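Novice: Position one of the sequence shown corresponds to residue 8 (the working numbering), numbered consecutively onward. Ideal Cβ positions, reconstructed from N, Cα and C, are used throughout, including at glycine. The structure presented is a predicted model; accordingly, all values stated were derived computationally and were not measured. Have a look at the structure that comes next, please.
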Amino acid sequence: MSDNYIYSAEKVIDELSRKPDFVSTAIKRWEKRDSKCGFGYKGICCRLCSNGPCRITPTQPVGICGATADSIVARNLLRAIAAGASCYVHHCRNTAMTLLSAAEGKSPYIIKDEEKLRRYAKKIGINISKGVKEIAYEFATKVLQDLSKPYTEKVELVAKLSLPARLRHGKNLT
8 MSDNYIYSAE KVIDELSRKP DFVSTAIKRW EKRDSKCGFG YKGICCRLCS NGPCRITPTQ
68 PVGICGATAD SIVARNLLRA IAAGASCYVH HCRNTAMTLL SAAEGKSPYI IKDEEKLRRY
128 AKKIGINISK GVKEIAYEFA TKVLQDLSKP YTEKVELVAK LSLPARLRHG KNLT
């Protein structure tokens with residue numbers, strides 16, 4: 008791994024990728040994998056319905072349902088993105104629930120880094136002159152409320168908590 012290569016916009020992940028060789032990371036495992044499933048790698052294997060699975064080849068360019076390689080790749084990409092986003096939201100919700108539980112004194116967890124909590128609370132407009140448990144309660148509640156909005160409403164915390172470079176990149180895509 009090159010010392011000059013940036014693996015992620017998130018500094019913690021970038022630092023993790025530079026760990027010694029005996030520390031296994033997803034980045035290192037991906038780099039070492041020499042055999043990738045050709046159909047999976049190209050995204051032209053479809054297991055979406057019970058008619059398949061369908062493997063798209065030069066001699067069989069469409070699936071049983073009529074899907075072409077392009078539509079299968081697009082479907083697979085969208086499903087992977089949706090699954091990944093869903094997983095992140097699930098982790099975020101569970102973390103907020105754990106923070107809420109700690110704030111209410113209902114769990115064995117404690118808030119170890121009060122400064123970090125105050126820093127992030129300030130980013131989302133919470134008054135940080137209160138006690139740490141009050142701040143944690145408000146923070147967790149705001150996160151849960153934001154995650155529970157109907158899909159027609161814009162979430163607010165993404166813009167307030169995202170890395171600036173990542174947010175700019177996302178805005179440039181639209």
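Under 8 Å between the Cβ atoms of Ile131 and Lys178?
Specialist: The count along the sequence shown starts at 1 and reaches residue 131 at position 124. The count along the sequence shown starts at 1 and reaches residue 178 at position 171. Contact flag unset, no.
Novice: Since Met79 and Cys53 are thought to touch, with beta carbons under 8 Å apart, how far apart are those beta carbons, to the nearest angstrom?
Specialist: Position 72 of the sequence shown, counted from the start, is the residue given in the question as residue 79. Position 46 of the sequence shown, counted from the start, is the residue given in the question as residue 53. For the sequence presented, residue 79 should be read as Ile rather than Met. So it is a contact: roughly 5 Å between Cβ atoms.
Novice: Determine the contact status of Leu154 and Val96, defining contact as a CB-CB distance below 8 Å.
Specialist: On the sequence shown, residue 154 is found 147 positions in, with the first residue counted as 1. On the sequence shown, residue 96 is found 89 positions in, with the first residue counted as 1. It is a contact, given that the beta carbons lie within the stated cut-off.
Novice: Please report how far the alpha carbon of Gly91 lies from the alpha carbon of Leu84, in whole angstroms.
Specialist: To locate residue 91, count along the sequence shown from 1; it is residue 84. To locate residue 84, count along the sequence shown from 1; it is residue 77. Distance between the alpha carbons of Gly91 and Leu84: 11 Å.
Novice: State buried or exposed for Val19, treating a residue as buried only when at least 16 other CB atoms are found within 10 Å of its CB.
Specialist: In the sequence shown, the residue the question calls residue 19 occupies position 12. Val19 comes out exposed.
Novice: Could you tell me the boundaries of the alpha helix (DSSP H) in which Gly91 lies?
Specialist: Translated into the one-based positions of the sequence shown, residue 91 becomes position 84. Where Gly91 is concerned, the enclosing alpha helix (DSSP H) stretches over Ala76 to Ala110.
Novice: Buried or exposed: where does Leu170 fall if 16 or more other Cβ atoms within 10 Å of its Cβ makes it buried?
Specialist: Position 163 of the sequence shown, counted from the start, is the residue given in the question as residue 170. Label assigned to Leu170: exposed.
Novice: What residue does the alpha helix (DSSP H) around Phe146 start on, and which one ends it?
Specialist: Counting from one through the sequence shown, the residue named residue 146 turns up at place 139. Phe146 -> alpha helix (DSSP H) spans Val139 to Leu154.
Novice: Less than 8 Å between the CB atoms is what I'm expecting for Lys156 and Val162, so what's the real figure, rounded?
Specialist: In the sequence shown, counting from the first residue as 1, residue 156 sits at position 149. In the sequence shown, counting from the first residue as 1, residue 162 sits at position 155. Indeed, because the Cβ distance is near 6 Å, the residues count as touching under 8 Å.
Novice: Assuming the contact rule is C-beta atoms closer than 8 Å, Leu106 and Phe146 should be a hit. Round their C-beta distance to whole Å, please.
Specialist: By 1-based counting over the sequence shown, the position of residue 106 is 99. By 1-based counting over the sequence shown, the position of residue 146 is 139. Contact holds; Cβ gap of about 7 Å.
Novice: With distances taken between CB atoms, is the gap from Tyr144 to Ala110 smaller than 8 Å?
Specialist: Along the sequence shown, one-based indexing puts residue 144 at 137. Along the sequence shown, one-based indexing puts residue 110 at 103. Result yes, Cβ atoms of Tyr144 and Ala110 sit closer than 8 Å.
Novice: Is the beta carbon of Ala128 closer than 8 Å to that of Ile118?
Specialist: Walking along the sequence shown from the start, residue 118 turns up at place 111. Walking along the sequence shown from the start, residue 128 turns up at place 121. Not a contact, by the Cβ cut-off of 8 Å.
Novice: Just verifying my parser: in three-state terms, what is the DSSP assignment at Val270?
Specialist: Lying outside 8 to 181, the shown extent of the chain, residue 270 is not represented and no answer is given.
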